[in-house]
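Residue numbers (the working numbering): 3 to 673. Think of the CB as a built atom: it goes at the ideal place given N, C-alpha and C, for glycine as much as any other residue. The structure appears right after this line, and notes come after that.
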């Protein structure tokens, strides 16, 4: 723990970020700092963090060459290719990437050769330092080849969610000025397939610095459009080097289960390859029952993994001993449930169970907390913990002044992990990224925290309307603005209901005077521009907007209009009508009755209890009722427990209707 002067912290205004600003192709631009606007902290602030925030430059060689492994690329120290390249030189025949699903694998030398060839192909296509390359390759060894090749070409990679609507993908890639896409075509951009092991052009010679952008990560934006976070190489190096929260080295094998567009992939790939370990591509815990996932991961000799908080909670309820074989399990994305953690600790805990916290703007993780019976003693809430290496933390009040220990304030994160800013958004960058009089950057997280007696930080809430839903960061204003753009909508409000895996989004819409879209039409319109997890599970049509004392919309009154009975499940209710003649379902609203078939009873009960609905019409769709991968795990688990059959979460998600799922259950019961 250190104390640092944070005098006169000022807004940080970015320059062109190596040509990533639209229409700017100059290289080497320095960030400009504007010495105006009120200070965030006007006096000496108490900062919690790690000693030696930045390593001495004298400790690092100026350049690190990697001869004899295919490709003549020379990379400057402190970049991602430098992290990987050192292990290409040391352990060229060690396994770098393995796919537990297919058996495919790459050694470090093979990864270097293939990524070098891809870098050469990108260079031949005109891609170079300062460019952005979209990535549509799914989770696989080819994804690793693609992103490393992009970095070796001097460009930044921008992974897109494979399930995002085409319109949103086009917006994200267009705003970033992406010149080409690695993988399947998208947004009418030229695409390059990831090369195989054959010959090809040599990797270009590119000198990079730690301030070059390594990747662009798209996050939800309060302005109505997603914003791209510019993450430099030095921030990735800081995450991967000397990581206190997850110590890795040769022989370790790290699960790769995250959506490529989710910044947990940064940890899964670069903490692994930057320390000589092996990336193991696996299905997600949502794709397989936890016991089967654990068996597959154990057979693949996985030693470390990351899970979103919601997936961890679901797995802990179903199979708390599933993670006992791991040396380290890192969990993050939302508030970690104390009961779920204690359940796992009591039933075969991993070697380390770590609660990780960090906004995308601070490169995946900023703090960590080791969860042990001793560290949790006397707590009623799990802290987000202590600073990572090369990270500083400060807690300030509404007036920008530092708060005393135990008082609530906004968390500011500084150090080598802080991103460069937002792509093409100097106004928002100046608002959220600030610097002190020495020029050291810090990010205003918007998260409210307080320091506990032992020095750990506890997350209390938010300063704004940003929410977390199943690990995804969502700006509710982005949904509201997208809905307000639909014809016939006069006003719209969106709120998160509940917490944990059962949380959902409720939308409240006031139609225009001439009439507006119905709930189905509104959801369909949003589904064309927003990812599925951002489309409200239920819409309430308003006759008028309730107003509070200030004249603004009374959001508490809106939530009260949901009419949830006390003690009822916090999940969206089912549809108001349906038909189930001759199938396992029945019209919504009717009391449960026996179908005369054990499979029907078990499936109906699981469906109703998990989704919180009162009926099971044959044409009801799981996703339309607010279902998601985590709730699908719960339905599958209850059916397996009740019938002794192996119903996969994928069966629940892919079924077009309850009736189709019922047919699948019968097929499994009577093959």
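Top-ranked residue by Cα proximity to residue i, from the options
{"i": "residue 292", "options": "251, 354, 192 and 313", "result": "313"}
{"i": "residue 266", "options": "368, 351, 253 and 321", "result": "368"}
{"i": "residue 182", "options": "162, 167 and 166", "result": "162"}
{"i": "residue 419", "options": "411, 444 and 409", "result": "444"}
{"i": "residue 127", "options": "192, 527 and 487", "result": "192"}
{"i": "residue 414", "options": "442, 424, 428 and 426", "result": "442"}
{"i": "residue 290", "options": "103, 538 and 108", "result": "103"}
{"i": "residue 642", "options": "660, 628, 631 and 671", "result": "671"}
{"i": "residue 471", "options": "349, 491 and 505", "result": "505"}
{"i": "residue 362", "options": "435, 320, 500 and 251", "result": "435"}
{"i": "residue 394", "options": "416, 298, 364 and 622", "result": "416"}
{"i": "residue 243", "options": "82, 638 and 511", "result": "82"}
{"i": "residue 166", "options": "400, 535 and 268", "result": "535"}
{"i": "residue 635", "options": "185, 149 and 318", "result": "318"}
{"i": "residue 622", "options": "231, 662 and 376", "result": "662"}
{"i": "residue 481", "options": "205, 527 and 452", "result": "527"}
{"i": "residue 542", "options": "522, 475 and 660", "result": "522"}
{"i": "residue 251", "options": "540, 489, 92 and 236", "result": "92"}
{"i": "residue 350", "options": "321, 287, 400 and 371", "result": "321"}
Cβ-based neighbour list, residue i, same chain, cut-off 7 Å, excluding 5 preceding and 5 following
{"i": "residue 146", "result": "99, 113, 271 and 281"}
{"i": "residue 544", "result": "510, 511 and 512"}
{"i": "residue 668", "result": "601"}
{"i": "residue 221", "result": "228, 229, 231, 362 and 475"}
{"i": "residue 235", "result": "80, 81, 82, 210, 212, 214 and 216"}
{"i": "residue 188", "result": "136, 138, 162, 171 and 175"}
Buried versus exposed, by CB contacts within 10 Å (16 or more), residue i
{"i": "residue 315", "result": "buried"}
{"i": "residue 612", "result": "buried"}
{"i": "residue 530", "result": "exposed"}
{"i": "residue 391", "result": "buried"}
{"i": "residue 466", "result": "exposed"}
{"i": "residue 655", "result": "buried"}
{"i": "residue 706", "result": "The chain is shown only over 3 to 673; residue 706 falls outside these bounds and no answer can be derived."}
{"i": "residue 106", "result": "exposed"}
{"i": "residue 459", "result": "buried"}
{"i": "residue 469", "result": "buried"}
{"i": "residue 177", "result": "buried"}
{"i": "residue 296", "result": "buried"}
{"i": "residue 300", "result": "exposed"}
{"i": "residue 199", "result": "exposed"}
{"i": "residue 262", "result": "buried"}
{"i": "residue 197", "result": "buried"}
{"i": "residue 431", "result": "buried"}
{"i": "residue 259", "result": "buried"}
{"i": "residue 310", "result": "buried"}
N-terminal and C-terminal residue of the beta strand (DSSP E) that residue i is part of
{"i": "residue 110", "result": "Unbroken run through residue 110 is the alpha helix (DSSP H), 110 to 126; no beta strand (DSSP E)."}
{"i": "residue 160", "result": "158 to 161"}
{"i": "residue 493", "result": "491 to 499"}
{"i": "residue 435", "result": "435 to 437"}
{"i": "residue 412", "result": "410 to 417"}
{"i": "residue 668", "result": "Taken as a continuous stretch (DSSP letters only), residue 668 belongs to no beta strand (DSSP E), being part of the alpha helix (DSSP H) at 660 to 671."}
{"i": "residue 475", "result": "474 to 477"}
{"i": "residue 464", "result": "459 to 464"}
{"i": "residue 395", "result": "393 to 398"}
Same chain only: Cβ atoms within 8 Å of residue i, ignoring 5 sequence neighbours per side
{"i": "residue 329", "result": "254, 305, 306, 352, 353 and 354"}
{"i": "residue 666", "result": "649, 653 and 657"}
{"i": "residue 373", "result": "338, 343, 347, 355, 356, 357 and 384"}
{"i": "residue 190", "result": "172"}
{"i": "residue 450", "result": "410, 411, 412, 413, 461, 462, 463, 464 and 465"}
{"i": "residue 248", "result": "269, 273, 306, 330, 332, 354 and 356"}
Residue interval of the alpha helix (DSSP H) (run including residue i)
{"i": "residue 295", "result": "292 to 301"}
{"i": "residue 230", "result": "Element bounds for residue 230: not the alpha helix (DSSP H) but the beta strand (DSSP E), 229 to 234."}
{"i": "residue 448", "result": "Unbroken run through residue 448 is the beta strand (DSSP E), 443 to 453; no alpha helix (DSSP H)."}
{"i": "residue 98", "result": "Careful: residue 98 lies outside any alpha helix (DSSP H), inside the beta strand (DSSP E) at 97 to 101."}
{"i": "residue 561", "result": "557 to 562"}
{"i": "residue 86", "result": "82 to 92"}
{"i": "residue 1", "result": "Residue numbering for the chain in the displayed model covers 3 to 673; residue 1 lies beyond these limits and cannot be assessed."}
Residues of its chain near residue i, where Cβ-Cβ distance is below 6 Å and the 5 sequence neighbours each way are ignored
{"i": "residue 548", "result": "556 and 559"}
{"i": "residue 2", "result": "Since the first residue of the chain shown is 3 and the last is 673, residue 2 is not available in this structure."}
{"i": "residue 407", "result": "453"}
{"i": "residue 324", "result": "292, 296 and 317"}
Kindly provide the ranges of any alpha helix (DSSP H) runs that are 4 or more residues long and lie completely inside the stretch 508 to 535, ordered along the chain.
521 to 529
Report the start-end ranges of each alpha helix (DSSP H) in the stretch 122 to 200 that is 4 residues or longer and not cut off at the edges.
143 to 154 and 168 to 178
For a minimum of 3 consecutive residues, which ranges assigned as the beta strand (DSSP E) are wholly contained in the stretch 211 to 288?
215 to 221, 229 to 234, 255 to 258 and 280 to 283
Please specify which runs of the beta strand (DSSP E), each continuous and at least 3 residues long, are wholly inside the stretch 307 to 357, giving them in chain order.
330 to 334
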